[in-house]
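Engineer: First, the structure itself, so that you have it in front of you.
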Amino acid sequence: MTEYRGTWDADEVEGFLREATIPIRLATHRPDGSLWLVTLWYRYRDGVLECATQSTADVVGFLRNDPDVAFDISTNQIPYRGIRGNGTVTISADDGTPVLRDLVDRYLESDDSSLARWLLSDEREEVCLRLEPREIYSWDFSDRMGGTTDE
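Residue numbers for the sequence shown follow the working numbering, beginning at 37 and rising by one.
This is the structure in structure tokens:
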């Protein structure tokens, strides 16, 4: 069960995760104990964050060794808002390609671009990274930054 702290309740966090098309920053441990940070596209389904990546990606090996992660999904433009937390990742080879197809639709809105075609090519073997959050902390600086623009 996820513990929610910060500005938003569980429904507001869910709304943010469904609406925001910004990547997740995922922090994991390398086998030598040092930290590693990757940025991935995500989708939110039933309390779980799902990403897709190539089965040969370094992060997959790191997560097989240690599935505990920290994460951040936050805006890069004023007003700053977002979530951060920690949880555990499971890896599924069966769900990689279907999740990737949804992510291409979510982030690129079409599979017509050369990037989409490359990502969806048959040569790529994708896995699904399924992150179950243990703790989510939210923040929203809209009230204090609402009149400020980043342009």
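Ideal Cβ positions, reconstructed from N, Cα and C, are used throughout, including at glycine.
Can you tell me whether DSSP reads W154 as helix, strand or coil?
Structural biologist: To locate residue 154, count along the sequence shown from 1; it is residue 118. Of the three classes helix, strand and coil, the one that applies to W154 here is helix, per DSSP.
Engineer: Find the nearest neighbour of W175 within the set E86, I127 and D108, judged by alpha-carbon distance.
Structural biologist: Start at 1 with the first residue of the sequence shown, and residue 175 comes out as number 139. That would be D108, whose Cα lies nearest to the Cα of W175.
Engineer: Mapping the DSSP letters down to three states, classify N112 as helix, strand or coil.
Structural biologist: What you label residue 112 is simply residue 76 of the sequence shown in a count that begins at 1. If DSSP states are grouped into helix, strand and coil, N112 belongs with coil.
Engineer: State the DSSP-derived secondary structure class of S146, mapped to helix, strand or coil.
Structural biologist: Here residue 146 refers to the residue found at position 110 of the sequence shown. In the structure shown, S146 sits in coil (DSSP, three-state: anything other than H, G, I, E or B).
Engineer: Below 8 Å on the Cβ atoms is my guess for G123 versus L73; work out the distance and round it to an integer in Å.
Structural biologist: Along the sequence shown, read from residue 1 onward, the residue named residue 123 stands at position 87. Along the sequence shown, read from residue 1 onward, the residue named residue 73 stands at position 37. Between L73 and G123 the Cβ distance is about 15 Å, and since that is not below 8 Å, they are no contact.
Engineer: Measuring alpha carbon to alpha carbon, tell me which residue in R137, T126 and T92 is nearest E161.
Structural biologist: If you number the sequence shown from 1, residue 161 lands on position 125. Residue T92 is the option with its Cα nearest to E161.
Engineer: Reducing DSSP to helix, strand and coil, say where P134 ends up.
Structural biologist: Here residue 134 refers to the residue found at position 98 of the sequence shown. The answer is helix: DSSP assigns P134 an H, G or I state.
Engineer: Rounded to the nearest angstrom, what separates D186 and Q113 at their Cα positions?
Structural biologist: On the sequence shown, residue 186 is found 150 positions in, with the first residue counted as 1. On the sequence shown, residue 113 is found 77 positions in, with the first residue counted as 1. Interpretation of D186 is limited by its pLDDT of 48, a score under 50 that renders its predicted location unreliable; no figure is taken from the coordinates.
Engineer: Rounded to the nearest angstrom, what separates L136 and S178 at their Cα positions?
Structural biologist: Translated into positions along the sequence shown, residue 136 becomes position 100. Translated into positions along the sequence shown, residue 178 becomes position 142. Near 32 Å, if we compare the C-alpha coordinates of S178 and L136.
Engineer: Identify every run of the alpha helix (DSSP H) within the segment 61-118, keeping only runs that are complete inside it and at least 4 residues long; order them along the chain.
Structural biologist: For the segment 61-118, whole alpha helix (DSSP H) runs of length 4 or above, ordered along the chain, are 94-101.
Engineer: How would you call E86, buried or exposed, if buried means at least 16 neighbouring beta carbons within 10 angstroms?
Structural biologist: For the purposes of this step, residue 86 is taken as residue 50 along the sequence shown, with counting starting at 1. Looking at its Cβ environment, which holds 16 or more other Cβ atoms inside 10 Å, E86 is buried.
Engineer: Between the Cα of D47 and those of F98, N101, D82 and V95, spot the shortest distance and give me the residue it belongs to.
Structural biologist: One-based indexing of the sequence shown puts residue 47 at position 11. D47 has its Cα closest to that of D82, out of F98, N101, D82 and V95.
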